[in-house]
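Chemist: Right, I'll just put the structure down here and ask away after.
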Amino acid sequence: MTHARQLPIQVVAHRGASEEAPEHTLAAYKKAIEDGADALECDVRLTADGHLVCVHDRRVNRTSNGRGAVSALELADLATLDFGSWKNGDEAPDWEIAPEERADTSVLTLERLLELVADTGRRVELAIETKHPTRWAGQVEERLLVLLKRFGLDAPASADESPVRIMSFSARSLHRVRAASPTLPAVYLMQFVSPRLRDGRLPGGVRIAGPSIRIARNHPAYIERLKKAGHQVHVWTVNEPEDVDLCVGLGVDAIITNRPRTVLDQLHR
Ligand code: G3P
Ligand code: CA
Numbered sequence: 046m047t048h049a050r051q052l053p054i055q056v057v058a059h060r061g062a063s064e065e066a067p068e069h070t071l072a073a074y075k076k077a078i079e080d081g082a083d084a085l086e087c088d089v090r091l092t093a094d095g096h097l098v099c100v101h102d103r104r105v106n107r108t109s110n111g112r113g114a115v116s117a118l119e120l121a122d123l124a125t126l127d128f129g130s131w132k133n134g135d136e137a138p139d140w141e142i143a144p145e146e147r148a149d150t151s152v153l154t155l156e157r158l159l160e161l162v163a164d165t166g167r168r169v170e171l172a173i174e175t176k177h178p179t180r181w182a183g184q185v186e187e188r189l190l191v192l193l194k195r196f197g198l199d200a201p202a203s204a205d206e207s208p209v210r211i212m213s214f215s216a217r218s219l220h221r222v223r224a225a226s227p228t229l230p231a232v233y234l235m236q237f238v239s240p241r242l243r244d245g246r247l248p249g250g251v252r253i254a255g256p257s258i259r260i261a262r263n264h265p266a267y268i269e270r271l272k273k274a275g276h277q278v279h280v281w282t283v284n285e286p287e288d289v290d291l292c293v294g295l296g297v298d299a300i301i302t303n304r305p306r307t308v309l310d311q312l313h314r
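According to this note's numbering, the sequence shown is numbered sequentially starting from 46.
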């Protein structure tokens with residue numbers, strides 16, 4: 046049995062509509078939903094007091110006005126920070142938010158993102174990436190499953206029906222999730238083609254491959270091999286029109302992009 050999708054290519058908003066709004070903020074995810082994205086991608090890390098928050102980097106320095114490692118800070122510390130202003134850089138603001146919407150650029154918990162998705166009046170999927178290495182390895186996955194359970198999302202009847210999937214560059218992280226919840230879809234992310242996976246196999250029964258756009262550009266035959274092996278292929282981060290064309294030509298299943306509206310327009314959706 047294959048796991049190939051016979052559905053239109055899925056457009057996934059990478060860190061939200063992160064070209065236009067500050068990544069991993071409620072503002073970026075609301076924009077992505079408004080733009081028509083099929084799914085939202087987010088990176089998760091565990092705070093010192095055990096909350097899952099949507100932050101890409103190990104430290105908050107790049108995307109907030111604070112400093113320090115997420116894993117060493119408590120949620121209350123993170124809640125004092127502004128995760129929006131950095132987007133404007135030193136030049137004239139190219140992104141602005143109304144004062145009454147400032148709360149949309151404070152730290153985003155995964156719980157709040159799940160609520161947003163639950164309150165959206167259409168199906169919006171969620172691709173959650175566990176970030177490694179972290180001092181909280183193991184606990185991240187444990188907390189993630191507990192949180193998903195609260196939303197009734199931890200044990201879908203089948204992978205195809207699940208609105209949530211877990212992604213990671215860490216095969217061990219995916220293994221932990223799959224051991225506890227075998228029907229939750231897992232995506233193995235790849236920055237390069239590992240020699241031991243060159244034949245199109247994925248680690249530990251994972252059925253979805255997440256290669257970088259660089260892999261798709263430089264090794265299209267590998268993408269075809271993954272597809273032939275029955276895997277879904279979700280490519281990141283696809284922002285250029287010629288890369289969208291490449292992905293369509295290769296028959297990939299999902300395009301993960303910072304500009305969901307532009308990609309949807311290109312796909313005539
Ligand atoms: O969607 C996968 C992609 O997000 C992985 O890279 O560094 O943007 O998390 P990164
Ligand atoms: Ca990511």
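All C-beta atoms in this analysis are idealised placements derived from N, C-alpha and C, irrespective of residue type, glycine included. Predicted model only: the values in this text are computed from it and were never measured.
1. Taking the alpha helix (DSSP H) that Pro305 belongs to, which residues open and close that run?
2. Could you tell me the alpha carbon to alpha carbon distance between Glu145 and Ile258, rounded to whole angstroms?
3. CA-CA distance, Met46 and Arg252?
4. Taking C-alpha atoms, which residue in Lys194, Ala200, Leu91 lies nearest to Pro227?
5. Please confirm whether Ala231 and Arg223 have their CB atoms less than 8 Å apart.
6. Which residues in the same chain as Leu120 place their Cβ atom closer than 8 Å to its Cβ, once the five residues preceding and following it in sequence are excluded?
7. Got a sec? Which residues, its chain only, sit under 6 Å from Gly81 by beta carbon, not counting five neighbours each side?
8. Which residue's Cα is closest to the Cα of Arg180: Arg103, Pro256, Arg262?
9. Rounded to whole angstroms, what is the Cα-Cα separation between Val297 and Asn284?
10. Which residues have a Cβ closer than 6 Å to any heavy atom of ligand 2, listed in chain order?
11. Any idea if Asn133 is buried or exposed, counting beta-carbon neighbours within 10 angstroms, 16 or more meaning buried?
12. Counting along the chain, where does the alpha helix (DSSP H) carrying Pro286 start and finish?
13. Indicate, with yes or no, if ligand 1 has a heavy atom lying under 7 Å from the CB of Ile301.
14. Going by CA-CA distance only, name the one from Leu171, Thr125, Val105, Ser109 that's closest to Ser116.
15. The beta strand (DSSP E) with Val45 in it runs from where to where?
16. Nearer than 7 Å: is that true of the beta carbon of Leu271 relative to any heavy atom of ligand 1?
17. Among the candidates Pro256, His101, Asn263, whose CA atom is the shortest distance from the CA of Leu271?
18. Residue ranges of each beta strand (DSSP E) run of no fewer than 3 residues wholly in the region 173 to 241, ordered along the chain?
19. Could you check if Pro178 is buried or exposed, using at least 16 other CB atoms within 10 Å of its CB as the buried criterion?
20. Under 6 Å Cβ to Cβ from Gly86, same chain only, skipping five residues before and after it: list those, please.
21. I think Phe128 touches Thr70, with their Cβ atoms under 8 Å apart; what is that distance to the nearest whole Å?
22. Within this structure, are the beta carbons of Glu269 and Leu247 separated by less than 8 Å?
23. Regarding Thr179 and ligand 1, is the C-beta to nearest heavy atom distance less than 7 Å?
Modeler: Reading from the atomic positions:
1. Within the sequence shown, the letter at position 260 stands for residue 305. Per DSSP, Pro305 belongs to the alpha helix (DSSP H) from 305 to 311.
2. Counting from 1 along the sequence shown, the entry for residue 145 is found at position 100. Counting from 1 along the sequence shown, the entry for residue 258 is found at position 213. Straight across, the Cα-Cα distance linking Glu145 with Ile258 is about 38 Å.
3. Stepping through the sequence shown from its first residue, residue 46 is reached at position 1. Stepping through the sequence shown from its first residue, residue 252 is reached at position 207. Because the pLDDT of Met46 is 42, which lies under 50, any placement of that residue in the model is unreliable, and the number read from its coordinates should be weighed accordingly. Within the model, the alpha-carbon separation for Met46 versus Arg252 is close to 11 Å.
4. Translated into the one-based positions of the sequence shown, residue 227 becomes position 182. Among Lys194, Ala200, Leu91, the Cα nearest to that of Pro227 is on Ala200.
5. By 1-based counting over the sequence shown, the position of residue 231 is 186. By 1-based counting over the sequence shown, the position of residue 223 is 178. A contact, by the Cβ cut-off of 8 Å.
6. Taking the sequence shown and counting its residues from 1, the one referred to as residue 120 is at position 75. Cβ contact annotation for Leu120 (same chain, cutoff 8 Å, sequence separation greater than five): Thr92, Asp94, His96, Val98, Val152, Thr154, in chain order.
7. Numbered from its first residue, the sequence shown carries residue 81 at position 36. Result list for Gly81: Leu309, in chain order.
8. In the sequence shown, residue 180 corresponds to position 135, counting from 1. Of the listed residues, the one whose Cα sits closest to Arg180 is Arg103.
9. Locating residue 297 in the sequence shown gives position 252, where the first residue counts as 1. Locating residue 284 in the sequence shown gives position 239, where the first residue counts as 1. Their Cα atoms are separated by approximately 15 Å.
10. Counting only heavy atoms of ligand 2, the residues whose C-beta sits closer than 6 Å to one of them are, along the chain, Glu86, Asp88, Glu174.
11. On the sequence shown, position 88 is the one that residue 133 refers to. Asn133 comes out exposed.
12. On the sequence shown, position 241 is the one that residue 286 refers to. It spans 286 to 295 - the alpha helix (DSSP H) in which Pro286 sits, taken as one unbroken run.
13. Translated into the one-based positions of the sequence shown, residue 301 becomes position 256. Checking every heavy atom of ligand 1 against the Cβ of Ile301, one is found closer than 7 Å.
14. Indexing the sequence shown from 1 puts residue 116 at position 71. Here the closest residue by C-alpha is Val105.
15. Here the chain has residues from 46 to 314 only, and residue 45 is not among them.
16. Within the sequence shown, residue 271 is the residue found at index 226, counting from 1. When distances are taken from the beta-carbon of Leu271 to the heavy atoms of ligand 1, even the shortest one reaches 7 Å or more.
17. In the sequence shown, residue 271 corresponds to position 226, counting from 1. The shortest Cα separation from Leu271 among Pro256, His101, Asn263 belongs to Pro256.
18. Within the region 173 to 241, the beta strand (DSSP E) runs of at least 3 residues that lie entirely inside it are, in chain order, 209 to 213, 231 to 235.
19. As a first step, residue 178 must be located in the sequence shown, where it is residue number 133. When all chains shown are included, Pro178 counts as exposed.
20. Taking the first residue of the sequence shown as 1, we reach residue 86 at position 41. In the sequence as displayed, the identity of residue 86 is Glu instead of Gly. The beta carbon of Glu86 is closer than 6 Å to those of Val57, His59, Ala172, Ile301 in its chain, skipping five residues each way along the sequence.
21. Indexing the sequence shown from 1 puts residue 128 at position 83. Indexing the sequence shown from 1 puts residue 70 at position 25. Right, the Cβ-Cβ distance comes to about 5 Å (below 8 Å), so this counts as a contact.
22. The count along the sequence shown starts at 1 and reaches residue 269 at position 224. The count along the sequence shown starts at 1 and reaches residue 247 at position 202. Contact: no.
23. Counting from 1 along the sequence shown, the entry for residue 179 is found at position 134. For ligand 1, not one heavy atom lies less than 7 Å from the Cβ of Thr179.
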